[in-house]
Structures are given as C-alpha cells and as structure tokens.
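Trainee: Note that the protein sequences, when read in sequence, are chains A and B. Mapping the first sequence onto my numbering, position 81 (from 1) lands on 81, and the numbers just tick up by one. Mapping the second sequence onto my numbering, position 62 (from 1) lands on 62, and the numbers just tick up by one.
2 protein chains.
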Amino acid sequence: MPVSLTPMTETAPSTDSALPKIDPRILRSRRMLMDALVRLLAQKPFEEISIQEIADEATLNRATFYLHYPDKGSLLKAMAGARFRDLVDRRGLSFNSCEGGLRAIALGVCDYLAASPGCPGALAKMPLEDSIIAVVEDIFREGSAERPAAPGIDPELVFTTAAWAIFGAARLWLDMRERISAEEMADKIEAIVLPMLMHATQR
Amino acid sequence: MPVSLTPMTETAPSTDSALPKIDPRILRSRRMLMDALVRLLAQKPFEEISIQEIADEATLNRATFYLHYPDKGSLLKAMAGARFRDLVDRRGLSFNSCEGGLRAIALGVCDYLAASPGCPGALAKMPLEDSIIAVVEDIFREGSAERPAAPGIDPELVFTTAAWAIFGAARLWLDMRERISAEEMADKIEAIVLPMLMHATQR
DNA sequence: CGACATATGTCGTGTACACAGCATATGTTC
DNA sequence: GAACATATGCTGTGTACACGACATATGTCG
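1) Please work out which residues of its chain come closer than 7 Å, Cβ to Cβ, to A:Leu-37, disregarding the five sequence neighbours upstream and downstream, and give them in chain order.
2) Just how far apart, CA to CA, sit A:Glu-57 and B:Ile-139?
3) List the whole-angstrom C-beta distance separating B:Val-158 from B:Ala-200, where the pair is believed to meet the contact cut-off of C-beta under 8 Å.
4) If we call anything under 9 Å between Cβ atoms a contact, is B:Val-109 one with B:Ile-180?
5) Could you compute how far the alpha carbon of A:Thr-161 sits from the alpha carbon of A:Met-196?
6) What in chain A is Cβ-close to B:Thr-59, meaning under 8 Å?
7) With a 10 Å radius around its C-beta and 16 neighbouring C-beta atoms as the bar for buried, classify B:Glu-190 as buried or exposed.
8) Please classify B:Asp-175: does DSSP put it in a helix, a strand, or coil?
9) Could you tell me the alpha carbon to alpha carbon distance between A:Pro-120 and A:Ala-149, rounded to whole angstroms?
10) Determine the contact status of A:Ala-219 and A:Leu-93, defining contact as a CB-CB distance below 9 Å.
11) Using the Cα positions of A:Leu-33 and B:Pro-70, report the straight-line distance between them to the nearest angstrom.
12) Indicate the three-state DSSP secondary structure (helix, strand or coil) for A:Leu-41 in the structure shown.
13) Flag B:Leu-172 as yes when its Cβ comes closer than 8 Å to any non-hydrogen atom of the ligand ATP, and as no otherwise.
14) Is the CB-CB distance between B:Leu-194 and B:Leu-102 below 9 Å?
15) Helix, strand or coil for B:Arg-73 per DSSP?
16) Got a sec? Which residues, its chain only, sit under 7 Å from A:Glu-183 by beta carbon, not counting five neighbours each side?
17) Determine the direct distance from the alpha carbon of B:Lys-72 to that of B:Lys-44, and round the result to whole angstroms.
18) In angstroms with no decimal places, state the Cα-to-Cα distance between A:Ala-115 and A:Glu-47.
19) Thinking C-alpha only, which one of A:Met-185, A:Tyr-66, A:Ala-163 is nearest A:Trp-173?
20) Tell whether a beta-carbon distance below 9 Å holds between A:Glu-137 and A:Ala-163.
21) Taking B:Asp-56 as part of the alpha helix (DSSP H), name the residues at either end of that continuous run.
22) Do B:Phe-84 and B:Ser-131 have their C-beta atoms within less than 9 Å of each other?
23) Using a 10 Å radius around the Cβ and a threshold of 16 neighbouring Cβ atoms, would you call B:Gly-152 buried or exposed?
24) Short of 7 Å in beta carbon distance, which residues of its chain neighbour A:Ala-91, apart from the five on each side in sequence? Order them along the chain.
25) Thinking C-alpha only, which one of B:Ile-192, B:Glu-146, B:Leu-27, B:Glu-178 is nearest B:Leu-67?
26) Identify which residue in A:Glu-129, A:Arg-25, A:Ala-169, A:Gln-52 has its Cα closest to the Cα of B:Thr-59.
27) Could you tell me how far apart the beta carbons of B:Ile-51 and B:Arg-39 are, in whole angstroms, since I believe they sit closer than 8 Å?
28) Tell me the rounded alpha-carbon separation between B:Ala-82 and B:Ser-29.
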C-alpha cells in the first residue's frame, strides 16, 4: 500500500530541514510535475489544464500525480512555494543582524509576484498566500532563533503578522496603477514592518 | 531478478521502430545518464570520470547505472548515437528520391563530428563509429525500402560500405590542417558516394 | 432530460529504481 | 611489496512508479 508518500496537502516540505532524507525519486517526480505545470500555464489558463495533461507533460503516469497531490490546486500551491524558495535560495535571503535583510525579503516577494507565471489577471486565482507566507515565516524564525523573545511577546504571532504584512503590501504594490519600482516599495515595506520585528525580539 | 532491462552493450535501441513500448522510466533514466555524461565531459576528460560521478550527476543510484550499461564506455557509445539521432531527427535527414538527401546526411555527420563534446584530442578515443554508422545505415535502409535491389547486389553490404565511406571522409575532413567548409566537404562526399548507392538499387 | 464523451479518483499488480552492504579490483604512497 | 583509500561490480530487499481497469463525476449536445 503506497500510503507512505503523504500526498501534498500542504506546501512542499522543506528539503533542508532536519527531516529524514526524502527518496530522490519522490523529489524528482514532484519537480517534474511542477515544471510541467509551469510550462502548461504559459500556454493556457489553470482551469483549462487537466490532470492528464499535467501528467503527460511531466512524462509521468496519472496515478503518480495522485501519489503526490490530491488535486491540481495543491500542485499549484506547492509549485508557487517551491519557486519562491528557489528565489530565496538564489538570493540568499535571511533575517539576521545583517542590515537590509528585511528589505531584501520584501524585494524578493515583490519580484516574485511580478514574475509569476500566467497573466496578472490569473494571479488573483493563485493561492500564493500560504506558500509565500510560510517561507517568509521560516526566514524570520531562523533569523531569530538565537535571540530570546521580548517578555510577553509571542514571536510566532509576530512572524506571521509581519509575513502577511509584507505580502499584503507587495500585493497592493502589484495592483498599483502607477507602480513605483520594486526597490522603492521594498524600502517602504522595511520602514513599516521592521519596527514590529525589532519590538518582538531583544536585539 | 532485474534481468529484463537488457544492459546496453549495443547502440541505443531505435525508439520509433516496431519494438514494444519501452517503459518510460527506462528511457528517462538512460537519458539522464547520457545528459550527465555530456555535462561531465565538458568539465574533465572521459578517463577521469567515475561511474559514481555519473550517477551523482544524473541524480540516480549507481546500481541503476549498471541496470542499463555494463561500463561507462557503453554509455559513451549510446550517448554518441543518441545525440547523432537527435541531429538526424532535427534535420529530418533521409535518403529517398529527394535530391540532396545524401549531401544532407554527409553534412550532418561532419557537423556532428565537429561539435562533439570534449576537445578534438579526445575525439579519437570516442567509439563514434558504431553509433554513427548504424544510424546512417538505418537511413539508407529506410530510404531504399521501397525499391528492389539491383540484380546480384547485396544492399546491406552497400549500405554499410557507403556509411563507412561517409564516416571515413568526414573524419579525414575533421583532421585537415586547413579545413574546407562542412558544406563543401558534403558536396565532395556526395559526389563520391552517391554513384555507389545509385548502382546498388534500381532507381 | 437522456445520451455520450471525457475527466477524475482509485485499486491491484508488475516493473524500475534506491539503498546498504560486500567482495574484488585498482591506484597511490611509503 | 604492504598498507590504505577509492572505485567497481554485484546482490537482496524495500520503495516508488507504470499500467490497465473500473466506478463515478462532469461537461456538452440534441
């Protein structure tokens, strides 16, 4: 009984956390499915893409799709998260004592939203929140791991709040009629959100 | 007992012949191994590449390598043949009543030899003959399938002879100090080899 | 609404690949 | 030549994927 694959109902698991090593075949199949979805999204809207088409594009059996994802929405979510993580890794984004870490994170979110596959109209239908928010939360969590929380403050709540704040601001920026540059927007986001985080941890 | 994979001691099987459908996992693994070898050949000489390195580069288990190839030389051979077939497919090379078919084949061989991975010095060590010759033979065979052989002539012998003639001339061209263009060389090869083939089949 | 075509979700079975381990071969160093 | 490290070739076991088939759901057309 292949119940050990744990279909992906959440965002893709972190591959660098202290989890047991994931079978490379699993990682490969998931990446192939995600890459296939990206290619198909460049051709047609999400609603018009079938599971069979995704499997065909990925050169995998349709049953394999269901070993990993319960539906195509879950794949979309996982794909969005994985692509954002790629960007985070490529840019080495982190939230530590280094100046400008938060600005870089905000810039990454803006750039990612601006470059998402599919036309901007389709962007509203993509469940980007959970995937991006979870990654940003992880960044804050890791960056604050060595510092004690300020008294009476729940750091997890602050991380979540800050992550949503960044995401919300970036979404607003994306919808702007006359859009300032991503860099400028990142500056503004940092100015607004950084005090929240500074207040939460003793730094 | 995984004896059904038939390790590749010959050139890669033709994927468009009347063979039973090959499991997509097999095709995928072989392609991954070949692509890995190409990438490694761009970095170091063939002799310095280990089986484990190829497997790692392909993100496959070393034991998987041995399911498909008895040694790295066989992989090299298969890779060379597959890449040549790719070129043949891309250019739509065939030997039929169409004028210039032989010239195009000769040009394909020249271009392929000139673009092979690794420096020209390493080219002499690559067992390109069998892979290229077999493909060219196939092209002649298919192109002459609908025509009866001339009396007293063994068409298979002629195909092989012609294929080797083309290969030999292209190799000579590659070693030329002052090399004429591939196009010019293809013209010369056609002029020399075409009468042989015309003589062998009733066209 | 019924008929039909297509897509989805699932299942049991067979096959390919991952893994750890072992014996042997090979290359390097002293 | 001996000692050692590394690579090779192979094996049995466990796991992931391919496949065909089936039941059900969904969408389209008349």
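Cβ coordinates follow ideal geometry from the N, Cα and C atoms, glycine included.
Mentor: From the atom records:
1) Within the first sequence, the letter at position 37 stands for residue 37 of chain A. Only Ile-54, Leu-75, Leu-76, Met-79 meet the Cβ criterion.
2) For the purposes of this step, residue 57 of chain A is taken as the residue at position 57 of the first sequence. For the purposes of this step, residue 139 of chain B is taken as the residue at position 139 of the second sequence. In this structure, the CA atom of A:Glu-57 is about 30 Å from the CA atom of B:Ile-139.
3) On the second sequence, position 158 is the one that residue 158 of chain B refers to. On the second sequence, position 200 is the one that residue 200 of chain B refers to. At roughly 4 Å, the Cβ-Cβ gap stays under 8 Å, so B:Val-158 and B:Ala-200 are in contact.
4) Mapped onto the second sequence, residue 109 of chain B falls at position 109. Mapped onto the second sequence, residue 180 of chain B falls at position 180. It is not a contact, given that the beta carbons lie outside the stated cut-off.
5) Within the first sequence, residue 161 of chain A is the residue found at index 161, counting from 1. Within the first sequence, residue 196 of chain A is the residue found at index 196, counting from 1. Between the alpha carbons of A:Thr-161 and A:Met-196 lies a distance of about 9 Å.
6) Numbered from its first residue, the second sequence carries residue 59 of chain B at position 59. B:Thr-59 reaches chain A at Pro-24, Arg-28, counting residues in chain order whose Cβ is nearer than 8 Å.
7) As a working note, residue 190 of chain B is residue 190 in the second sequence. By the neighbour-count rule (16 or more Cβ atoms within 10 Å), B:Glu-190 is buried.
8) The count along the second sequence starts at 1 and reaches residue 175 of chain B at position 175. Here B:Asp-175 sits in coil by DSSP.
9) Taking the first residue of the first sequence as position 1, residue 120 of chain A is located at position 120. Taking the first residue of the first sequence as position 1, residue 149 of chain A is located at position 149. At A:Pro-120, the pLDDT of 46 sits below 50, so the modelled position is not reliable and the matter cannot be decided from this model.
10) In the structure as shown, chain A begins at 1 and stops at 203. Residue 219 of chain A is therefore absent and cannot be evaluated.
11) The residue given as residue 33 of chain A occupies position 33 in the first sequence. The residue given as residue 70 of chain B occupies position 70 in the second sequence. Spanning the two alpha carbons is a distance of roughly 31 Å.
12) Working through the first sequence from its first residue, we reach residue 41 of chain A at position 41. In this structure, A:Leu-41 counts as helix in the three-state DSSP scheme.
13) This structure lacks the ligand ATP, and indeed carries no ligand of any kind.
14) One-based indexing of the second sequence puts residue 194 of chain B at position 194. One-based indexing of the second sequence puts residue 102 of chain B at position 102. It is a contact, given that the beta carbons lie within the stated cut-off.
15) By 1-based counting over the second sequence, the position of residue 73 of chain B is 73. The residue asked about is misnamed: residue 73 of chain B is Gly in this sequence, not Arg. In the three-state reduction of the DSSP assignment, B:Gly-73 falls in the helix class, which pools H, G and I.
16) Counted from its first residue, the first sequence places residue 183 of chain A at position 183. Closer than 7 Å at Cβ, skipping near neighbours: Leu-107.
17) If you number the second sequence from 1, residue 44 of chain B lands on position 44. If you number the second sequence from 1, residue 72 of chain B lands on position 72. One C-alpha to the other measures close to 14 Å.
18) Translated into the one-based positions of the first sequence, residue 115 of chain A becomes position 115. Translated into the one-based positions of the first sequence, residue 47 of chain A becomes position 47. So the alpha carbons of these two residues sit roughly 20 Å apart.
19) Position 173 of the first sequence, counting from 1, holds the residue named residue 173 of chain A. Among A:Met-185, A:Tyr-66, A:Ala-163, the Cα nearest to that of A:Trp-173 belongs to A:Met-185.
20) Here residue 137 of chain A is taken as the residue at index 137 of the first sequence, counted from 1. Here residue 163 of chain A is taken as the residue at index 163 of the first sequence, counted from 1. Yes, the Cβ-Cβ distance between A:Glu-137 and A:Ala-163 is below 9 Å.
21) Translated into positions along the second sequence, residue 56 of chain B becomes position 56. Counting along the chain, the alpha helix (DSSP H) containing B:Asp-56 begins and ends at 51-57.
22) As a first step, residue 84 of chain B must be located in the second sequence, where it is residue number 84. As a first step, residue 131 of chain B must be located in the second sequence, where it is residue number 131. Closer than 9 Å, so yes.
23) Taking the first residue of the second sequence as 1, we reach residue 152 of chain B at position 152. Under this definition B:Gly-152 is an exposed residue.
24) One-based indexing of the first sequence puts residue 91 of chain A at position 91. According to the sequence as given, residue 91 of chain A is Arg; it is not Ala. So the qualifying residues of the chain are Ala-104, Gly-108.
25) Position 67 of the second sequence holds residue 67 of chain B. Of B:Ile-192, B:Glu-146, B:Leu-27, B:Glu-178, the residue nearest in Cα terms is B:Leu-27.
26) Residue 59 of chain B sits at position 59 when you count from the first residue of the second sequence. The candidate whose alpha carbon is nearest that of B:Thr-59 is A:Arg-25.
27) Indexing the second sequence from 1 puts residue 51 of chain B at position 51. Indexing the second sequence from 1 puts residue 39 of chain B at position 39. Actually they are not in contact, since the Cβ atoms of B:Ile-51 and B:Arg-39 sit about 15 Å apart, beyond 8 Å.
28) The residue you call residue 82 of chain B lines up with position 82 of the second sequence. The residue you call residue 29 of chain B lines up with position 29 of the second sequence. A direct Cα-Cα distance of roughly 14 Å separates B:Ala-82 from B:Ser-29.
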